[in-house]
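Input: a single structure, listed below in structure tokens.
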Amino acid sequence: MKSLRNTLFALFLSVLPLVGIAASIDVNRADAPALAAGISGVGPHLAEAIVQYRKAHGSFTSLEQLLQVKGIGPRVLERNHDRLTVGRRGDPQPK
Numbered sequence: 007m008k009s010l011r012n013t014l015f016a017l018f019l020s021v022l023p024l025v026g027i028a029a030s031i032d033v034n035r036a037d038a039p040a041l042a043a044g045i046s047g048v049g050p051h052l053a054e055a056i057v058q059y060r061k062a063h064g065s066f067t068s069l070e071q072l073l074q075v076k077g078i079g080p081r082v083l084e085r086n087h088d089r090l091t092v093g094r095r096g097d098p099q100p101k
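Residue numbers for the sequence shown follow the working numbering, beginning at 7 and rising by one.
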């Protein structure tokens, strides 16, 4: 019984990183509804502002660049920093 518990615990620990990856939001690829649903403190209006900023200025190169979007403050960025990404180099960006 103890070895089964240890095996299950090891399996649980090995899956944890995958859960974090699946929950991440690429701010350069997500549409407004996905941004609104996935970013704490961001509603539909602010999510659309993120998309419009991205269209006007190009892809975000860092998460801190989100602070340039009117309505995104340090608290929103801090609260969501671990679940947001700007993609990887070489990823095709949406048009």
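Here a beta-carbon is modelled for each residue, glycine too, at the ideal position from N, C-alpha and C.
Member of D88, R35, R85 whose CA lies at the smallest distance from the CA of K61: By one-based count along the sequence shown, residue 61 stands at place 55. In this structure, R35 is the residue among D88, R35, R85 with its C-alpha nearest to the C-alpha of K61.
Integer-rounded CB distance, given that S30 should sit under 8 angstroms from L90: In the sequence shown, the residue the question calls residue 90 occupies position 84. In the sequence shown, the residue the question calls residue 30 occupies position 24. The pair is a contact, with the Cβ atoms about 7 angstroms apart (cut-off 8 angstroms).
Could you tell me which residues DSSP pairs with T91 in its beta bridges? Your numbering for residue 91 matches position 85 in the sequence shown. Its beta-bridge partners are D32.
Using the beta-carbon count (16 or more within 10 Å), is A43 buried or exposed? Residue numbering aside, residue 43 sits at position 37 when the sequence shown is read from its first letter. A43 comes out exposed.
Excluding five sequence neighbours on each side, which residues of the same chain lie with their C-beta closer than 6 angstroms to the C-beta of D5? The first residue shown for the chain is 7 and the last is 101, placing residue 5 beyond what the model contains.
Using the C-alpha atoms, what's the distance from G77 back to G49? The residue given as residue 49 occupies position 43 in the sequence shown. The residue given as residue 77 occupies position 71 in the sequence shown. Taking the straight line joining both Cα atoms gives about 11 angstroms.
Per-residue DSSP class, three states only, for G64: Position 58 of the sequence shown, counted from the start, is the residue given in the question as residue 64. It is coil, neither helix nor strand.
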